[in-house]
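> Take a look at the following structure, please.
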Amino acid sequence: MTDYTIGYIVGSISSTSINRRLAKALEKVAPEGVTLKEIPIKDLPFYSPDYDGNFPEVATDFKNAIQDADGVFIVTPEYSRSIPGVLKNALDWSARPYGEASFNDKPTAVIGTSQSGIATAAGQQHLRSVLLHYNALVLGQPEGYIQSTPGLFEEDGTVTNEGTAEFLRSIIEALVTLISRTAPAEVPAA
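Sequential numbering of the sequence shown, starting at 1, is according to full-length UniProt numbering.
What follows is the structure in structure tokens.
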């Protein structure tokens, strides 16, 4: 079996983020051969085209982490029926300078949690639009709308509901399938 490294971006920088707990839960339930690794966004400055000629190291590291990953999860809360500004800022960095979008042809899955019954559905729809503009290969199904109930995710990411844990494994497996289906063909050495 091929080993895969999947990066994940948490769209919240809150120290008490339930979406960070969800990301940790994905790490805990990942099947053998799949490693999830955070691609942090909190230290990125506000994007400006003034940086296009001289990217700060933190932005270059961010772009490289996306490019080096086999696939990416974006774990997002929903703010005012959209994505958090800090996440949009990070996505703007990923797409610049023009013609160097890190998400181009990158297998990407979107997931999020909130206490609401519709979870982060509206925010995820906005996020999918942005990712499609970047030419990301966005996983269509399953969709990851998780209603967070008290105690569903422990501090360390342990999932207390086996049905939720199974669903999280299934979305990881679906992303791995997308990664393997879209990987460049290996050409044997002559």
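Don't be surprised by glycine CBs; every beta carbon is placed ideally from N, CA and C.
#1: Rounded C-beta distance between ILE172 and PRO31? I'm assuming under 8 Å.
#2: Could you tell me the distance, in whole angstroms, from the CA atom of LEU132 to the CA atom of VAL138?
#3: Could you tell me if GLU166 is buried or exposed, where buried requires 16 or more neighbouring beta carbons within 10 angstroms of its beta carbon?
#4: Tell me the DSSP secondary structure of GLU38 in three-state form.
#5: Taking only runs of the beta strand (DSSP E) that begin and end inside the UniProt domain "NADPH-dependent FMN reductase-like" (6-145), which ones reach a length of at least 3 residues, in chain order?
#6: Report all residues from its chain with a CB closer than 6 Å to the CB of THR35; omit the five preceding and five following residues, and keep chain order.
#7: Terminal residues of the continuous alpha helix (DSSP H) containing GLY163?
#8: Pick out whichever of GLY140, VAL176, VAL72 has its Cα sitting closest to the Cα of GLU38.
#9: Pop quiz: LEU175 and THR164 are said to be a contact at Cβ under 8 Å. What is the actual Cβ separation, rounded to whole angstroms?
#10: Can you find the residues in the same chain that come closer than 7 Å, C-beta to C-beta, to ALA65, ignoring five residues on each side of it along the sequence?
#11: On the CB-based measure, 16 or more other CB atoms within 10 Å of its CB, does THR120 come out buried or exposed?
#12: Three or more C-beta pairs under 8 Å: does that hold for the stretch 43-61 against the stretch 20-27?
#13: In whole angstroms, what separates the C-alpha of VAL86 from that of THR2?
#14: Report back the beta-carbon spacing between LEU168 and VAL29 to the nearest angstrom; my notes put them in contact at under 8 Å.
Looking at the atomic coordinates:
#1: The Cβ separation is near 7 Å, so the contact holds.
#2: 7 Å
#3: exposed
#4: In the displayed model, GLU38 falls within a strand according to three-state DSSP.
#5: 34-38, 71-75, 107-114
#6: THR5
#7: 162-182 is the extent of the alpha helix (DSSP H) around GLY163.
#8: VAL72
#9: At roughly 17 Å, the Cβ-Cβ gap does not stay under 8 Å, so LEU175 and THR164 are not in contact.
#10: Spatial neighbours of ALA65 in its own chain (CB-CB distance under 7 Å, excluding positions within 5 residues in sequence) are listed in chain order as GLY7, ILE39.
#11: buried
#12: no
#13: 33 Å
#14: At roughly 5 Å, the Cβ-Cβ gap stays under 8 Å, so LEU168 and VAL29 are in contact.
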